[in-house]
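Terminal number for the sequence shown in our numbering: 1714, no gaps in between.
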Amino acid sequence: MTGSVELADRFEEHRGHLRAVAYRMLGSLTEAEDAVQEAWLRLSRTDPDDIQNLGGWLTTVTGRVCLDLLRSRTARREEPMGDAFVPDPVLRPLTHLDPAEEVMQADSVGLALLVVLENLEPAERLAFVLHDMFAVPFDDIAPVVERSPAATRQLASRARRRVRGATPSAEPDLGRQKEVLDAFLAASRGGDFEALLALLHPDVVLRADSGALVRGAAASKAVQGAKTVAEQALMFARYATSARLVLVNGSVGLVHAPEGRVLSVMGVTIADGRITGMYILADPERLERLEVPGLTG
1418 MTGSVELADR
1428 FEEHRGHLRA
1438 VAYRMLGSLT
1448 EAEDAVQEAW
1458 LRLSRTDPDD
1468 IQNLGGWLTT
1478 VTGRVCLDLL
1488 RSRTARREEP
1498 MGDAFVPDPV
1508 LRPLTHLDPA
1518 EEVMQADSVG
1528 LALLVVLENL
1538 EPAERLAFVL
1548 HDMFAVPFDD
1558 IAPVVERSPA
1568 ATRQLASRAR
1578 RRVRGATPSA
1588 EPDLGRQKEV
1598 LDAFLAASRG
1608 GDFEALLALL
1618 HPDVVLRADS
1628 GALVRGAAAS
1638 KAVQGAKTVA
1648 EQALMFARYA
1658 TSARLVLVNG
1668 SVGLVHAPEG
1678 RVLSVMGVTI
1688 ADGRITGMYI
1698 LADPERLERL
1708 EVPGLTG
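Written out as structure tokens, the structure is:
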């Protein structure tokens, strides 16, 4: 019994790291928790004396579980994931702006990067996430993807090129991000179309993921261009009146939660003082499962 308790305690020391790995692999908070739990079950069925490096073992096992989930997800999907898909966001209260602290948050990976990762092949995503984000050696990743270390290196390299080519540059300063979002809210609330245009990059992309059941003007969509996105912002300007600033995956974003019920979350990418990407999750089913500590009420 003492051994089981000790093993559980040692596992808990790694839980946050494993959740960060699984979240980057899956883009889903619920599935990430399931993957971490499966890693624990596999550990509980393994003789710990056979494990030399528990952290490394758990990381690769979690990666293997995530790879299986991604492959199963791909096999079940009849059509490619649409352009409107937005991964699960991670929310934190905007109590203060401390970039140094936010950089240390394990799950502060931008929604824009998660969107790009969703378009990688499962094995590419695993190789890139484990090696480039968590410094796992290719020799340890190779058995998981059933390739040689050299071939695994190529998987990561191919993924790296795709990520670099598709991930937009972003303003790292949270204070400047807040200035842009404050101005965006003010323009939306005031119905100021020209002010909105000035805050949007000409090629801004808006993704709105409302799930499969929402229809009409609020249905899922992906649109591009400052004029079109500004028109969308004015169409839903009523939401701006009750929106508040929060941290969305480590960057300043918005949550619309009147009377404590979260109706939408928006993450953005900002560069040179203008919004280049907007990522809105408005899927009621997924929002119900979202953790929003200290944000509602």
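Don't be surprised by glycine CBs; every beta carbon is placed ideally from N, CA and C.
Three-state class that DSSP yields for residue i in the structure shown
i, result
"Leu1530", "helix"
"Ser1489", "helix"
"Gly1667", "coil"
"Leu1608", "Correcting the residue identity first, residue 1608 is Gly in this sequence and not Leu. Coil, per DSSP."
"Val1507", "coil"
"Arg1564", "coil"
"Arg1691", "strand"
"Leu1707", "coil"
"Ile1468", "coil"
"Leu1537", "coil"
"Thr1512", "coil"
"Thr1569", "helix"
"Thr1584", "coil"
"Asp1557", "helix"
"Asp1426", "helix"
"Asp1451", "helix"
"Glu1519", "The predicted model places Glu1519 with a pLDDT of 46, which falls under 50 and marks its position as unreliable; any figure quoted below should be read in that light. In the structure shown, Glu1519 sits in a helix (DSSP, three-state: H, G or I)."
"Gly1444", "coil"
"Thr1463", "coil"
"Phe1502", "coil"
"Ala1552", "coil"
"Asp1590", "coil"
Beta-carbon proximity of residue i to residue j, cut-off 7 Å
i, j, result
"Ala1699", "Arg1624", "no"
"Leu1598", "Val1669", "yes"
"Ala1654", "Leu1671", "no"
"Leu1435", "Leu1460", "no"
"Leu1572", "Ala1540", "yes"
"Lys1664", "Arg1509", "Reading the sequence as shown, one finds Leu at residue 1664 and not Lys. A contact, by the Cβ cut-off of 7 Å."
"Asn1666", "Gly1527", "yes"
"Arg1579", "Thr1658", "no"
"Glu1596", "Ala1688", "no"
is_contact[residue i, chain D] using C-beta, thresh 7 Å
i, result
"Ile1697", "Among the protein chains of the structure shown there is no chain D, as only one such chain exists."
C-alpha distance - residue i paired with residue j, whole-angstrom precision
i, j, result
"Leu1694", "Arg1542", "First, the amino acid is wrong: residue 1694 is Gly here, not Leu. Taking the straight line joining both Cα atoms gives about 22 Å."
"Asp1464", "Pro1585", "45 Å"
"Val1646", "Val1679", "22 Å"
"Ala1437", "Ile1697", "22 Å"
"Leu1662", "Val1533", "25 Å"
"Leu1614", "Lys1644", "7 Å"
"Ser1421", "Leu1704", "36 Å"
"Arg1632", "Ala1529", "25 Å"
"Ala1452", "Thr1491", "17 Å"
"Leu1537", "Ala1439", "15 Å"
"Gly1608", "Val1546", "42 Å"
"His1431", "Ala1604", "44 Å"
"Glu1702", "Asp1466", "43 Å"
"Glu1455", "Val1482", "7 Å"
"Glu1535", "Ala1635", "23 Å"
"Ser1783", "Gly1642", "This structure cannot settle anything about residue 1783, because the visible part of the chain is limited to 1418 through 1714."
"Leu1487", "Pro1504", "14 Å"
"Leu1471", "Ala1544", "20 Å"
"Leu1511", "Leu1591", "10 Å"
Residue i - partner residues in DSSP beta bridges
i, result
"Asn1673", "Residue identity check: residue 1673 is His in the sequence provided, not Asn. In the DSSP output, where bridge partners are listed per residue, His1673 has Ala1660 and Ser1681."
"Leu1617", "Ile1692"
"Leu1458", "Answer by DSSP bridge pairing: none, since Leu1458 is not bridged."
"Leu1698", "Asp1626 and Val1682"
What are the complete alpha helix (DSSP H) segments, minimum 4 residues, inside the segment 1619-1654? 1643-1652
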